[in-house]
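Position 207, counted from 1, in the sequence shown is what the UniProt record's numbering calls 207; the numbers after and before it change by one each time, with no gaps.
In this text, a Cβ means the ideal position worked out from N, Cα and C, and glycines have one as well.
All values reported here derive from a predicted model rather than from experimental measurement.
Structure first, then comments.
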Amino acid sequence: MKKTADTWSINEAKNIYGISRWGNGYFDIGDSGDIHVIPRHDQPNLKINLAEVVEDIASAGIQFPAVVRFHDILRSQVELLNTTFRQTIAEANYQGQYFGVFPVKVNQMREVIEEIVDAGSSFNYGLEAGSKPELIAALAYNTNKDSLTILNGYKDEEYLRLALLGLKIERNIIIVIEKFSELTTLIALSKELGIKPVIGIRVKMMVKGRGKWEHSSGERAKFGLSMTEILNAISLLKAEDLIDCVKLLHFHIGSQLTDIRAIKEAVQEASLIYCQLIKQAVPLEYVDVGGGLAVDYDGSQSTNDSSCNYNLAEYVADIVYGFGQNCQLAGVPQPHLVSESGRAITAHHSCVITKVIGEIRPGNTDYATEPAQGEHIIVTNIRALADELAAPNKGTNLQEIFNDVEQLKSQAMQAFNLGILSLDELAKVETLYWRILNHIETQLQQSDYIPEELNAISALLSSQYLANFSVFQSAADSWAIDQVLPVMPISRLNEKPTKLCSLVDITCDSDGKIDKFIGDDEVAAHLPLHSLNENQDYFISIFLTGAYQDVMGDMHNLFGRVNEVHIFSDDDDPKDFYIEEVVKGSSIENVLSTMQYTPAIMAQMVKKEIDKQIAAGNLKPREGVNLIDFYDNCLLSYTYLN
1 MKKTADTWSI
11 NEAKNIYGIS
21 RWGNGYFDIG
31 DSGDIHVIPR
41 HDQPNLKINL
51 AEVVEDIASA
61 GIQFPAVVRF
71 HDILRSQVEL
81 LNTTFRQTIA
91 EANYQGQYFG
101 VFPVKVNQMR
111 EVIEEIVDAG
121 SSFNYGLEAG
131 SKPELIAALA
141 YNTNKDSLTI
151 LNGYKDEEYL
161 RLALLGLKIE
171 RNIIIVIEKF
181 SELTTLIALS
191 KELGIKPVIG
201 IRVKMMVKGR
211 GKWEHSSGER
221 AKFGLSMTEI
231 LNAISLLKAE
241 DLIDCVKLLH
251 FHIGSQLTDI
261 RAIKEAVQEA
271 SLIYCQLIKQ
281 AVPLEYVDVG
291 GGLAVDYDGS
301 QSTNDSSCNY
311 NLAEYVADIV
321 YGFGQNCQLA
331 GVPQPHLVSE
341 SGRAITAHHS
351 CVITKVIGEI
361 RPGNTDYATE
371 PAQGEHIIVT
381 NIRALADELA
391 APNKGTNLQE
401 IFNDVEQLKS
411 QAMQAFNLGI
421 LSLDELAKVE
431 TLYWRILNHI
441 ETQLQQSDYI
451 PEELNAISAL
461 LSSQYLANFS
471 VFQSAADSWA
481 IDQVLPVMPI
491 SRLNEKPTKL
501 CSLVDITCDS
511 DGKIDKFIGD
521 DEVAAHLPLH
531 SLNENQDYFI
541 SIFLTGAYQD
551 VMGDMHNLFG
561 RVNEVHIFSD
571 DDDPKDFYIE
581 EVVKGSSIEN
591 VLSTMQYTPA
601 IMAQMVKKEI
611 DKQIAAGNLK
621 PREGVNLIDF
631 YDNCLLSYTY
641 LN
């Protein structure tokens, strides 16, 4: 392996962190070495310095970690999706229209839903709900009578009654039948309430998706009706004189579809089903292609689980032209098109910013290694290797020394386990081992060529940067499904990063770490980062967390939700942005209450114990009062480290 020249530039930072590949035009690195956010797709010169955002957050007394939302990115993504569909429909001379819906499950935060509904109002962009709580939210916020509210998920009688209530107040609601029994219940309720429903039918597709969620389709899929069930449903609705209520055909083959071929195949199958149903006098007006529009998290433009091999324009074209051509060939009307693209709408708008608060480095401690009378030969030999390496001898064979020191360390552990090596001798071996590896690494940095086996030394010497956050709360998919999320420092990108690191969080769980990062050709186990400088904060950001990560975090270690900061761009502001709202994260009192504790009673219990110590003379009254006040103040404080 050839060593690269010891130079550094902003372009090299862009290449190492892949920001131009996964940023979708919303993120860049400025000449100062700070990350810039370009929140409006139609205003490329409007740039927000993320380091200045962090300064304003800190000046406002808001503690980190914090979720930072760029609401203009949300608006941009809504506009891009809708305008791309509209332009493609016009170019293809397609006869239907596009009525997109945002799946509430992807990010249920009120501020997100409000922004999406507002941004989508001129496009008649609606909402999709998959549960009763989500439907209740959609009834309140999706007030545009020309936009759709699509209802998915399993439904009981109460859910269906709520849906019919929505129709009563003139919401444009389509109830998607996920299993046959829902249809019989809906028919009975429709007669009872005297409300004709608008019905969608979800088909259980045979085509398989691609990626982690490929089992969303096929015979063993969780949702949808088989072809036999669809035909039986059509017969039942005709018999009940409700066939005119069937307006939508729905399918979904998986989230994060990595391969465009899966989309092409699904469109082909679904369009043929649609054409057949139209010919059987089913008055369908819409086809809902479901979700699946992927986000290129790692920027590889591949079929990796964290990527995709297509862009928005190609995705839209395959849907529009696929349905258009097959309907034209069959001589049936081209339907209105619906998609449920949640991940692509929200992923980019949100990031988690946290501060690195420490470094865990192997062999970072030292121990006296002077020779001792009667010491074991293993200790003597490893010291001799260290002396040889430290001597100014250009003929030193680094490969040979590395092989020898690895063998000696292994022998030392075996000898210790057999009671042959003392604890003092083992400590000397460990100290000399790490000293030798550091010497080798230093010399390798000056070499033009590194033997393949010696590349392992960088990994052995890599650091763990301790960051003030919880993986389980703020990057759940990284832990749960090995999702690769972009991670990088927000500043100092005009400096060469000299350390290979993984990230560990502050939970007391060994799984609380991120050790999968964007690499050159594959997932990397380490991330290049800068050395920590004393008295200088070092912030890193986890990007593309706006889809699912915002709402799937758990209460592991009772850390709870982090502070949120909402950023809006403003071209008239000296910094081109302002903080519009701060949503406080969980306090210790909040998370304890969630877990059925009663903080007031807990405070009384602690006070009682302190009073006992005062009465026994073990504490002075003033000291006891201060301890009680400290406990009470801790209950009100942020759960993360200060």
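Let me know the secondary structure DSSP gives Arg-202 once reduced to three states.
Correct three-state label for Arg-202: strand.
Around the Cβ of Ile-169, are there at least 16 other Cβ atoms within 10 angstroms (buried) or fewer (exposed)?
exposed
Give a yes or no on whether the C-beta atoms belonging to Tyr-640 and Phe-559 are separated by under 8 Å.
yes
Please report how far the alpha carbon of Ile-382 lies from the alpha carbon of Ile-450, in whole angstroms.
23 Å
Using the rule of at least 16 other Cβ atoms within 10 Å of the residue's Cβ for burial, across every protein chain shown, is Gly-624 buried or exposed?
buried
Count Cβ pairs between the region 54-69 and the region 564-581 that sit closer than 8 Å; are there 3 or more?
yes
Assign Glu-534 to one of three DSSP states: helix, strand, or coil.
Assigned with DSSP and collapsed to three states, Glu-534 falls in coil, not helix or strand.
contact_flag[the region 432-441, the region 472-482] where n(CB pairs < 8 Å) is 3 or more:
no
Would you mind stating whether Gly-166 and Ile-173 have Cβ atoms separated by less than 8 Å?
yes
Beta bridge counterpart(s) of Leu-527 as assigned by DSSP:
In DSSP, Leu-527 forms a bridge with Cys-501.
State the beta-bridge partners of Ile-248 as determined by DSSP.
Reading the sequence as shown, one finds Leu at residue 248 and not Ile. DSSP output for Leu-248 lists Gly-200, Tyr-286 as bridge partner(s).
Identify whether Tyr-315 lies in helix, strand or coil by the three-state DSSP scheme.
Correct three-state label for Tyr-315: helix.
Range covered by the alpha helix (DSSP H) that runs through Asp-28:
Note, Asp-28: premise wrong, no alpha helix (DSSP H); beta strand (DSSP E) at 27-29.
Out of Ala-137, Ser-121, Phe-123, state which residue places its alpha-carbon closest to the alpha-carbon of Gln-108.
Ala-137
Note down, in chain order, each residue of its chain lying with its Cβ closer than 7 Å to the Cβ of Asp-244, except the 5 sequence neighbours on either side.
Pro-283
Classify Asp-629: buried if its beta carbon has 16 or more other beta carbons within 10 angstroms, exposed otherwise.
exposed
Just to confirm my understanding: we take residue 661, look at its own chain, exclude 5 residues before and 5 after, and list those with CB closer than 7 Å. What are they?
Limits of the chain in this structure are 1 at one end and 642 at the other, which puts residue 661 out of reach.
Mind checking which residues open and close the alpha helix (DSSP H) that includes Phe-472?
471-474
Go through its chain and collect everything with a Cβ distance to Leu-444's Cβ below 8 Å, but skip five positions before and after it.
Lys-3, Leu-398, Ile-450, Leu-454, Ile-457
In the DSSP assignment, find the unbroken beta strand (DSSP E) run with Gly-126 in it and report its ends.
126-129
Unbroken stretches of the alpha helix (DSSP H), 4 residues or longer, contained in the region 49-98
Counting whole runs of 4 or more residues, the region 49-98 contains the alpha helix (DSSP H) stretches 50-59, 71-91.
Beta-bridge partners of His-36, as assigned by DSSP:
According to DSSP, His-36 bridges with Asp-28, Asn-49.
C-alpha distance - Tyr-274 paired with Ser-339, whole-angstrom precision
16 Å
Close beta carbons around Ala-5, own chain, < 6 Å, minus the five adjacent residues each side:
Because Ala-5 sits at a pLDDT of 42, beneath the cut-off of 50, its placement in the model cannot be relied upon, and the following sentence gives the value as read from the coordinates. Once the five neighbours on either side are set aside, Ala-5 has no close Cβ partner at all.
Three-state class that DSSP yields for Ser-271 in the structure shown:
Residue state, collapsed to three classes: helix.
Going by DSSP in three states, Gly-18 sits in which element: helix, strand or coil?
coil
In the DSSP assignment, what residue or residues form a beta bridge with Ile-150?
Answer is Glu-128, Ile-174.
Taking the Cβ atom as the reference point for each residue, do Val-287 and Leu-237 lie within a distance shorter than 8 Å?
no
Ser-235 - DSSP class collapsed to helix/strand/coil:
helix
Tell me which residue opens and which closes the alpha helix (DSSP H) that His-439 is part of.
423-444
Simplified DSSP assignment, three categories, for Cys-508:
coil
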